[in-house]
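Residue numbers (my numbering): 1 to 437.
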């Protein structure tokens, strides 16, 4: 991934330096466990542990000749160890090292992403309570529907983020496995007990069964989970982009004093952050397709997945880390305009209360079909002629003969529409603990 979208900590996880460091960690763990079992001499394991090191440039130089990255790695490390290096990589095949080390990288990357998600959830919760009772219009199909509050919108995003945290933990657990079962998964050179001990040493579970590789359904599950999370961020960004439209202007991403929106139009305050989030989310979703293609390998393994994973695993985790950070800052600093929300809410002259009026007329004894026809007639006239819906209703004797002025006022009561907001917040966030006096 290009540096523009790479945050330092996540970038370090996927650096060549760290990748080879994880490979060496697996080699050292294997030699120590095999030494305990009496398979590798203890002095050899100690030499591998104490002298084992590498130089990235040296590995790359060797790989340019041998065309095999793991052989290049073991050759470079062996040069540092000396004669005892004949016990390095003992009983292992390349992907015993690569897949197991990759699990360590994914574990570290996942921890960062989970931390990012938890921070986003905190910010969403804070701002949801800030706007818990800030009324705005709810829109379906892009058209005014019924009132909601801006806090409810944020609470919905919070709940989805909580589900994403659970998904991410599950996906991370799927990837927290190693394998040292040999070239075709039969433990021809090491016993399963050795694999289990090496994995425990590394903080991993041993895959119950593998071929030459850990099965790629795990990787597909992991990256599709990243894609789901990226889609949530896209959803949030898309909503804010819509709310920032000039005609709507109910919310707006932060715009600094010295920021510029257009080289030609000085007045522009473009939603560049939310557009960037939506754009990069597409890349993560595209990577999910590639991960699914990697599931179907030939026989006990072919190498078609390898080149793909060198791209999609670093890129997807790096991008999601970047996107989560961007989205958290977006929500944290977002401008919100309650007065504009109120103005838009009232802009249709009460049309948004048509559903409650329909119910009240049906409750009064009018058939639902007749009630719908009466209400829709006034609604369409108000819409087409720019009239006030409530005033039209109050002049209709078919309605006023059934509903008292008090009942009519009740039908157009905003508080009635939003009376369950606190209950919804309790469902999402739990009951607030009473402050100690």
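Ideal Cβ positions, reconstructed from N, Cα and C, are used throughout, including at glycine.
Helix, strand or coil at residue i [DSSP, three-state]
i           : result
residue 133 : coil
residue 205 : strand
residue 47  : helix
residue 352 : helix
residue 149 : strand
residue 491 : Look at the range of the chain in this structure, 1 to 437, and you will see that residue 491 is not part of it.
residue 228 : helix
residue 444 : In the structure displayed, the chain extends from 1 to 437; residue 444 sits before or after that span and is not available.
residue 23  : helix
residue 41  : coil
residue 308 : helix
residue 96  : helix
residue 437 : In this prediction, residue 437 scores a pLDDT of 49, lower than 50, which makes its location untrustworthy; no coordinate-derived value is stated.
residue 90  : coil
residue 271 : coil
residue 324 : helix
residue 1   : coil
residue 164 : helix
residue 14  : coil
residue 125 : helix
residue 365 : coil
residue 404 : coil
residue 426 : helix
residue 220 : helix
residue 257 : coil
residue 265 : coil
residue 299 : coil
residue 420 : coil
Nonlocal neighbours in the same chain, by C-beta distance under 6 Å from residue i, ignoring five residues either side
i           : result
residue 356 : 411
residue 438 : No information on residue 438 is available, as it lies outside the stretch 1 to 437 that the chain covers here.
residue 213 : 95, 99, 301
residue 172 : 110
residue 370 : none
residue 390 : 350, 412
residue 114 : 168
residue 376 : none
residue 86  : none
Supposed close pair residue i, residue j - CB separation, criterion 8 Å
i           : j           : result
residue 250 : residue 274 : With a Cβ gap of about 14 Å, residue 250 and residue 274 do not count as contacting.
residue 180 : residue 45  : Not really, about 15 Å apart at Cβ, beyond 8 Å.
residue 206 : residue 178 : 6 Å
residue 119 : residue 77  : The pair is not a contact, with the Cβ atoms about 38 Å apart (cut-off 8 Å).
residue 332 : residue 123 : 5 Å
residue 175 : residue 103 : 6 Å
residue 188 : residue 155 : The Cβ separation is near 56 Å, so there is no contact.
residue 201 : residue 309 : Going by Cβ atoms, the distance from residue 201 to residue 309 rounds to 24 Å, so no, they are not a contact pair.
residue 5   : residue 330 : That pair is no contact at about 15 Å.
residue 43  : residue 84  : 7 Å
residue 81  : residue 88  : 6 Å
residue 327 : residue 236 : 6 Å
Residues bridged to residue i [DSSP beta-bridge criterion]
i           : result
residue 441 : A question about residue 441 goes unanswered here, because the residues of the chain that appear run from 1 up to 437.
residue 178 : 206
residue 251 : 336
7 Å CB neighbourhood of residue i in its chain, flanking five on each side removed
i           : result
residue 305 : 216, 294, 297
residue 125 : 158, 429
residue 75  : 62
residue 353 : 411, 412
residue 197 : 33
residue 59  : 20, 72, 73, 76
residue 211 : 184, 185, 300, 301
residue 22  : 101, 104, 105
residue 372 : 358
residue 112 : 9, 10, 321
beta-carbon residue i near the ligand NAD non-hydrogen atom, thresh 8 Å
i           : result
residue 216 : Ligands are entirely absent from the displayed structure, and the ligand NAD is therefore not among its contents.
Beta-carbon contacts of residue i that lie in its chain and below 8 Å, excluding the five residues immediately before and after
i           : result
residue 368 : 358, 362
residue 134 : 149, 150, 151, 336, 338, 341
residue 440 : No information on residue 440 is available, as it lies outside the stretch 1 to 437 that the chain covers here.
residue 323 : 230, 233, 277, 280, 281, 284
residue 145 : 137, 138, 139, 352
Chain C contact for residue i (CB, 9 Å cutoff)
i           : result
residue 139 : Judged by its chain identifiers, the structure shown contains no chain C, having just a single protein chain.
* To do: Mind the definition here: the region 219-239 touches the region 273-288 only if three or more C-beta pairs lie below 8 Å; say whether that holds.
  => yes
Check your understanding: Would you say the region 357-370 touches the region 150-160, given that touching needs at least three Cβ pairs under 8 Å?
Key -> no
Specify whether the region 4-15 and the region 314-323 touch according to this definition: at least 3 beta carbon pairs, one from each stretch, less than 8 Å apart. yes
Could you check whether the region 191-210 touches the region 239-247, counting it as contact only if at least three pairs of C-beta atoms, one from each stretch, sit closer than 8 Å? no
| message | Check whether the region 160-171 and the region 111-118 are in contact - that is, three or more C-beta pairs closer than 8 Å. | response | yes
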